[in-house]
Amino acid sequence: MKSGDLADRYKGYIACLNEQDWDNLGRFVGEEVQYNGETVGLSGYRRMLEGDFQAIPDLRFNIELLVSEPPRVAARLHFDCRPKGVLFGLPVNGKRVSFAENVFYEFQDGRIREVWSVIDKAAIQAQL
């Protein structure tokens, strides 16, 4: 897959998340996907994302930076939201917070097979 094609594929994945189109998540994510070194599988990955949207009703994934070098994508995602309660162990409780996630993906056969994610919890803590 070419760099531009992979970037477009990734943007489709982000659109799928923002639309909470869980029935189509498997078009973008492989059955045996790994998250931060742990095999969670497509069903576990979906549960994780659904939980994120339950905890953060106004969650929206915004691509701030995107680099595509097949078979990998690197992105900096920006979030500006109001989580309902505790978020990443921090008592946000409805307060508006902004933070970033630095995330790397590896694709295989057009679908995400590995995800490595680091969320800027310090930014959230500084706003509380």
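Here my numbering is used: the sequence shown runs in plain steps of one and ends on residue 129. Glycine included, C-beta positions come from ideal geometry on N, C-alpha and C. If you're wondering where the values come from, they're calculated on a predicted model, not measured in any experiment.
Taking C-beta to C-beta, are residue i and residue j nearer than 8 Å?
{"i": "Phe100", "j": "Ile125", "result": "yes"}
{"i": "Arg112", "j": "Phe29", "result": "yes"}
{"i": "Leu78", "j": "Phe62", "result": "yes"}
{"i": "Glu32", "j": "Leu43", "result": "yes"}
Does DSSP put residue i in a helix, a strand or coil?
{"i": "Gln128", "result": "helix"}
{"i": "Gly27", "result": "helix"}
{"i": "Phe105", "result": "strand"}
{"i": "Arg10", "result": "helix"}
{"i": "Asn63", "result": "strand"}
{"i": "Ile120", "result": "strand"}
On a CA-only basis, which of the options is nearest residue i? Give me that one, please.
{"i": "Arg48", "options": "Asp24, Ile64, Leu66 and Asp59", "result": "Asp24"}
Per DSSP, which residues does residue i bridge with? Please list them.
{"i": "Phe100", "result": "Phe80"}
If I measure Cβ to Cβ from residue i and keep anything under 6 Å in the same chain, skipping five residues before and after, which residues do I get?
{"i": "Arg97", "result": "Arg83"}
Spatial neighbours of residue i within its chain, please: C-beta separation below 7 Å, excluding the five flanking residues on both sides.
{"i": "Asp139", "result": "The chain is shown from 2 up to 129; residue 139 falls before or after that span and cannot be answered."}
In chain order, what residues of the same chain have a beta carbon less than 8 Å from the beta carbon of residue i, not counting five sequence neighbours either side?
{"i": "Leu60", "result": "Asp53, Phe54, Phe80 and Cys82"}
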